[in-house]
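Notes for the one structure printed next.
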Amino acid sequence: MTLPAHSEPFGGHMPSADDRQIANQLRRMLAAQKSGEATLRLRVPESKKPVEITLTPAMSDLFLELLRYIGSGSAVTLVPIQEMLTTQQAADLLNVSRPYLIKLLEQEAMPHTLVGRHRRIRADDVFRYKAQRDDERSRALDELISGDADLV
1 MTLPAHSEPF GGHMPSADDR QIANQLRRML AAQKSGEATL RLRVPESKKP
51 VEITLTPAMS DLFLELLRYI GSGSAVTLVP IQEMLTTQQA ADLLNVSRPY
101 LIKLLEQEAM PHTLVGRHRR IRADDVFRYK AQRDDERSRA LDELISGDAD
151 LV
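Residue numbers (our numbering): 1 to 152.
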């Protein structure tokens, strides 16, 4: 996937065995606190004093998902939702070709802006379209399965 203009790959490489082990250990620790807010105690190098940081459930969920990918050895790219993406970056996120994405934009499937002759799409709009598309696919698959069950 082509990275957005202001993003950098995590550590510049795929997660190592040590990265995966640490991610899985931290994920287990956060998951144990899943029922409420997780509190992390960190030692600040400058003062050598421990500092407590309380994670909200939403922040814990975000870290758990990130750590799950790293723990499984997957590469991770963070994309801010307000980021303006090129058509190639948006196509990569949707796992479609760039010409197909341009056809979707011409059909007004998602909003976009023109910068000179180039189209730009907000990442938020791409993710919204992807969620809508995935929901429609899921419903269609459910209908096929229920229709197929009637035949059995």
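Beta carbons are placed, not taken as given, at the ideal position from N, Cα and C, and that holds for glycine.
>> Short of 6 Å in beta carbon distance, which residues of its chain neighbour Asp124, apart from the five on each side in sequence? Order them along the chain.
In response: Ile81, listed in sequence order.
> With respect to the beta strand (DSSP E) encompassing Leu40, which residues constitute its N-terminal and C-terminal limits?
Replying inline: Leu40 -> beta strand (DSSP E) spans 38 to 43.
>> Starting from Thr54, trace the alpha helix (DSSP H) in both directions and tell me its first and last residue.
In response: It is not in any alpha helix (DSSP H) - Thr54 instead sits in the beta strand (DSSP E) that spans 50 to 55.
> Which residue from Lys49, Val126, Leu55, Ala131 puts its Cα closest to that of Met29?
Replying inline: Leu55
> First and last residue of the beta strand (DSSP E) that includes Leu26?
Replying inline: Looking at the DSSP string, Leu26 is not in any beta strand (DSSP E); the run it does join, the alpha helix (DSSP H), is 17 to 32.
> Could you give the C-beta distance for Arg120 and Leu85, rounded to a whole number, given that I count them as a contact under 8 Å?
Replying inline: 7 Å
> Can you name, in chain order, every residue of its own chain whose Cβ lies under 8 Å from the Cβ of Leu144, other than the five neighbours on each side?
Replying inline: none
> Are there 16 or more other CB atoms within 10 angstroms of the CB of Gly147, so buried, or fewer, so exposed?
Replying inline: By the 10 Å Cβ count, Gly147 comes out exposed.
> When burial is assigned at 16 or more other CB atoms within 10 Å of the CB, is Val126 buried or exposed?
Replying inline: Buried is the call here.
> Which residues in the same chain as Leu101 place their Cβ atom closer than 7 Å to its Cβ, once the five residues preceding and following it in sequence are excluded?
Replying inline: Thr87, Ala90, Ala91, Leu94
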